[in-house]
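Note that the working numbering has the sequence shown beginning at 3, numbered continuously upward.
Backbone N, C-alpha and C fix where the C-beta goes; we use that ideal spot for every residue, glycine too.
All values reported here derive from a predicted model rather than from experimental measurement.
Read the structure below first, then the notes.
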Amino acid sequence: MTLAQEVREAGEKVISAIEATLSTTLNDVLGRYVGWPLKVRSGYLVDRDKNRSDIFASVIYAAAVGEAEDSLEIQADNAAVVIDACESLNQERFIDACSRIATAKRLKKCLPPRLDGDLPVQTTTLGIVFAIRSTVAMDQLAQELVKLNTATPSSEWPDMLVVATSGTINYFVQFPGELPSGDLLLPAARTLSYTPPMYIVVAMMPTGSYTFNRLLGLLLGQLFLFSPGVHLPDRTQVIENVPRQVIVVSGFQYNLKGELVPVPRERYNDRYWGPLPVQIEDRNGKHLCTLRFLPWQDGASILSHGELPLEQILRFLIGVDMQHAGIIKREDSEISYVLPMTEADFSGMLRRISSQANMVVRVEQPKWTIQKVSDEGTQTPFIARLFLGVVRLRDLIALNPDQRDTFDSLYDVVLTSLRSARKSAEEVARLWQEHSRKVSSGEVARVERHTIRIDESIDDALGKEVVSFVTAAGRTLKEGMQRFIAVHMDIGFLFQKQAGFETGLLTLDQKHASLADYLRQTRAWSEPLQERRNAIEHNGWTLPRTTYARQGNKIEALSPSISGQPVTEFVPFMLDRVSCFVEELTAYCIQRQLPDLMTLTEIPLADRAEEAPVRFQVTVANGGLPPWRINYHHDKFEDV
Numbered sequence: 003m004t005l006a007q008e009v010r011e012a013g014e015k016v017i018s019a020i021e022a023t024l025s026t027t028l029n030d031v032l033g034r035y036v037g038w039p040l041k042v043r044s045g046y047l048v049d050r051d052k053n054r055s056d057i058f059a060s061v062i063y064a065a066a067v068g069e070a071e072d073s074l075e076i077q078a079d080n081a082a083v084v085i086d087a088c089e090s091l092n093q094e095r096f097i098d099a100c101s102r103i104a105t106a107k108r109l110k111k112c113l114p115p116r117l118d119g120d121l122p123v124q125t126t127t128l129g130i131v132f133a134i135r136s137t138v139a140m141d142q143l144a145q146e147l148v149k150l151n152t153a154t155p156s157s158e159w160p161d162m163l164v165v166a167t168s169g170t171i172n173y174f175v176q177f178p179g180e181l182p183s184g185d186l187l188l189p190a191a192r193t194l195s196y197t198p199p200m201y202i203v204v205a206m207m208p209t210g211s212y213t214f215n216r217l218l219g220l221l222l223g224q225l226f227l228f229s230p231g232v233h234l235p236d237r238t239q240v241i242e243n244v245p246r247q248v249i250v251v252s253g254f255q256y257n258l259k260g261e262l263v264p265v266p267r268e269r270y271n272d273r274y275w276g277p278l279p280v281q282i283e284d285r286n287g288k289h290l291c292t293l294r295f296l297p298w299q300d301g302a303s304i305l306s307h308g309e310l311p312l313e314q315i316l317r318f319l320i321g322v323d324m325q326h327a328g329i330i331k332r333e334d335s336e337i338s339y340v341l342p343m344t345e346a347d348f349s350g351m352l353r354r355i356s357s358q359a360n361m362v363v364r365v366e367q368p369k370w371t372i373q374k375v376s377d378e379g380t381q382t383p384f385i386a387r388l389f390l391g392v393v394r395l396r397d398l399i400a401l402n403p404d405q406r407d408t409f410d411s412l413y414d415v416v417l418t419s420l421r422s423a424r425k426s427a428e429e430v431a432r433l434w435q436e437h438s439r440k441v442s443s444g445e446v447a448r449v450e451r452h453t454i455r456i457d458e459s460i461d462d463a464l465g466k467e468v469v470s471f472v473t474a475a476g477r478t479l480k481e482g483m484q485r486f487i488a489v490h491m492d493i494g495f496l497f498q499k500q501a502g503f504e505t506g507l508l509t510l511d512q513k514h515a516s517l518a519d520y521l522r523q524t525r526a527w528s529e530p531l532q533e534r535r536n537a538i539e540h541n542g543w544t545l546p547r548t549t550y551a552r553q554g555n556k557i558e559a560l561s562p563s564i565s566g567q568p569v570t571e572f573v574p575f576m577l578d579r580v581s582c583f584v585e586e587l588t589a590y591c592i593q594r595q596l597p598d599l600m601t602l603t604e605i606p607l608a609d610r611a612e613e614a615p616v617r618f619q620v621t622v623a624n625g626g627l628p629p630w631r632i633n634y635h636h637d638k639f640e641d642v
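This is the structure:
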């Protein structure tokens, strides 16, 4: 049995405990993996000023010489970890647990000793909220944690929330332009003499049956730094097979005071475009490095890619307090500590490089073109859900540029066709409303003896837009969605005659029963749409002419019909159905490709963000928000 399997089985023993036995069981299990001088037991912490914490189910601490075995008191300086544990967690208990951990972290502790070789030492107390299960979804606990952290100094934050049957919530380090990487062990209050250029993201990690391995892995990292030289298990072996996928909830970053504060919403990558990169070349045109100015909370950082060391570049940064300057080296880049500088300071540095060094400064030309295509943004459901929402979901499954390009090229056909259909639908509505108003008001209609006189015709313009709508809507389904989904499954039978449709549906039903039922009901409207498109393209079908009738003293325009339905009802109905079909089938395909411990959930209509009312978000499959299931409905697009 591997160490990872052994720890996993130990975690199952903890999960089987009840409230009355949880503390004893947890301490027995943790005690197997810590060596002298570390011990594990229940107790409370006391600092040198006699301030004390509440009693914690588990405290991992360095045993003092001559301590009483039956005493609950533990010196705060000796405490490495406190764990607030319960069998079932709700929101109130979570808030209370965070408060107890904050109190424990406020206790005074001695400064870390300086060891030979500048070995790092961690003297802060790690705080864990542990629950076997939770009555509250992990997503909601994560949001509550963000809310609490926003109002609390980071030195008092809980380090991890563990729901043993689901996963963990804690903090990850993320450097600009990179994905979240390692765990963050929160430092003590103002121990930083510099401002690191990194984001601290709150993220859920759905770890399922390996959740206890995940917890122990974090504890071992803390204990290694808290008690250098102590005998501990191999952390790499403990976390072997632990799922690595994370679901980012929110982000924080350090300001120049060393405080962790929320990243401004306008700086999130779905809405922020930073200054253009700057190329540094020698006089022969050889590329030396690319610089990027990164605005921060109350300063900025400089990111560099290339062979020219960033240290040489920073020599030209004049007029900026460099007392806490420094550089972090990444795999293929360097990034400066956050400095109290502005974009004007950065521009001045570039001018000095250009005039004083034997180098050429060239601002990189834009690689993106943003072209206005409509008078709406992500506040509208159409753009938020069928563009922004899909892009966010795409990033969960398309992990490299080639995969994203393939996804985008296929989905672009869908979105372009649907946008054309929507534009034609809007024009159909505008034409009819305007003409109907003019007719009923008598502006363009009158009765002469027994004859109705109409002074304008809507038929050509209306017929043209209806033909455009039907063609674009049909193309969205057949050329768009059929090819988009073909990467994952074949739905070509939806467009075949009834016998072929039934055969294909029967095959699909064996593996995708819910989707089969969805397509069965989709057929009721998709078939008439495709039949009308075929009639247009192969038989030259045109929209019947508008007719008029006298109603009392007024004349009324009577809408022409398609498939027995007035065109003024047919067009918006089909647009709703096609829009829902695109969104729901795309979400279904993405959901099927997510890792086993992740799924999609549907955000209730009333809870969607006003700035971008997306419908779907990723959640933890076990213990998260309710998983979405594809289910046919008759609601309008804006009402789901």
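Return the bridge partner residues of residue i from the DSSP annotation.
i: D185; result: F174
i: D457; result: Looking at the DSSP assignment, D457 forms no beta bridge with any residue, so it has no partner.
i: P606; result: Looking at the DSSP assignment, P606 forms no beta bridge with any residue, so it has no partner.
i: K513; result: Paired residues: none, contrary to the question.
i: F318; result: DSSP output for F318 lists no bridge partner at all.
Is the separation between the beta-carbon of residue i and that of residue j shorter than 9 Å?
i: M200; j: Q124; result: no
i: S157; j: G13; result: no
i: V251; j: I202; result: no
i: L395; j: I592; result: yes
i: F226; j: V16; result: no
i: L507; j: R522; result: yes
i: I337; j: L296; result: yes
i: T152; j: P311; result: no
i: L234; j: Y35; result: yes
i: V161; j: G129; result: According to the sequence displayed, residue 161 carries Asp and not Val. Yes, Cβ-Cβ distance for D161 and G129 is below 9 Å.
i: V584; j: M600; result: no
i: F572; j: S563; result: yes
i: G45; j: E75; result: yes
For residue i, which of helix, strand or coil comes out of DSSP?
i: Y413; result: helix
i: M684; result: Because the chain spans 3 through 642 in this model, residue 684 falls outside it and cannot be assessed.
i: Y274; result: Reliability fails at Y274, whose pLDDT of 49 lies under 50, so the model's placement of it is uncertain and no value is given.
i: V489; result: coil
i: Y201; result: strand
i: P403; result: helix
i: V2; result: This structure gives no information on residue 2, because the portion of the chain shown stretches from 3 to 642.
i: I632; result: coil
i: K638; result: coil
i: K556; result: strand
i: W370; result: Note that W370 has pLDDT 49, beneath the 50 cutoff, so the model's placement of it is unreliable and the number below is only indicative. Correct three-state label for W370: coil.
i: G308; result: strand
i: V61; result: strand
i: E21; result: helix
i: R396; result: helix
i: K15; result: helix
i: G179; result: coil
i: M140; result: helix
i: L260; result: One detail in the question is off: residue 260 reads as Gly in this sequence, not Leu. Three-state DSSP puts G260 in coil, outside helix and strand.
i: S303; result: strand
For residue i, which residues of its own chain have a beta-carbon under 8 Å away from its beta-carbon, when the five flanking residues on both sides are left out?
i: P39; result: A64, A65, S229, V232
i: R135; result: E89, S90, L91, V165, A166, T167, S168, G625
i: T570; result: V430, A431, W434, S561
i: R594; result: H490
Short of 6 Å in beta carbon distance, which residues of its chain neighbour residue i, apart from the five on each side in sequence? Order them along the chain.
i: P530; result: S565
i: A139; result: G626, L627
i: A19; result: T27
i: Y520; result: I632, Y634
i: D641; result: none
i: D272; result: Because D272 carries a pLDDT of 49, less than 50, the predicted location of this residue cannot be relied on, and no value is offered for it.
Consider the Cβ of residue i: report whether some Cβ of chain B lies at a distance smaller than 9 Å.
i: E336; result: The structure shown contains no chain B; it holds only a single protein chain.
What does a CB cutoff of less than 7 Å around residue i pick up in its chain, not counting 5 residues either side in sequence?
i: A474; result: S419, S422, A423, S426
i: L258; result: T197, D300, G301, V340, P342
i: E604; result: R617, F618, W630
i: V365; result: L278, V280
i: Q373; result: Bear in mind that the predicted position of Q373 carries a pLDDT of just 48, short of 50, making it too unreliable to give a figure here.
Count Cβ pairs between the stretch 380 to 387 and the stretch 398 to 411 that sit closer than 8 Å; are there 3 or more?
No: the two stretches stay apart, fewer than three of their Cβ pairs being nearer than 8 Å.
Report yes or no: do the stretch 39 to 59 and the stretch 91 to 110 share at least 3 C-beta pairs separated by less than 8 Å?
A contact between stretches requires three or more CB pairs, one per stretch, nearer than 8 Å, and the stretch 39 to 59 meets this requirement with the stretch 91 to 110.
Three CB pairs or more closer than 8 Å across the stretch 341 to 356 and the stretch 315 to 325:
Here the stretch 341 to 356 lies against the stretch 315 to 325, with 3 or more beta-carbon pairs under 8 Å apart.
Determine, using beta-carbon pairs with one atom in the stretch 176 to 187 and one in the stretch 97 to 108, whether at least three such pairs fall under 8 Å.
They do not touch, by the three-pair rule.
With a threshold of 8 Å, are at least 3 pairs of Cβ atoms found where one atom belongs to the stretch 493 to 504 and the other to the stretch 445 to 462?
These segments do not touch.
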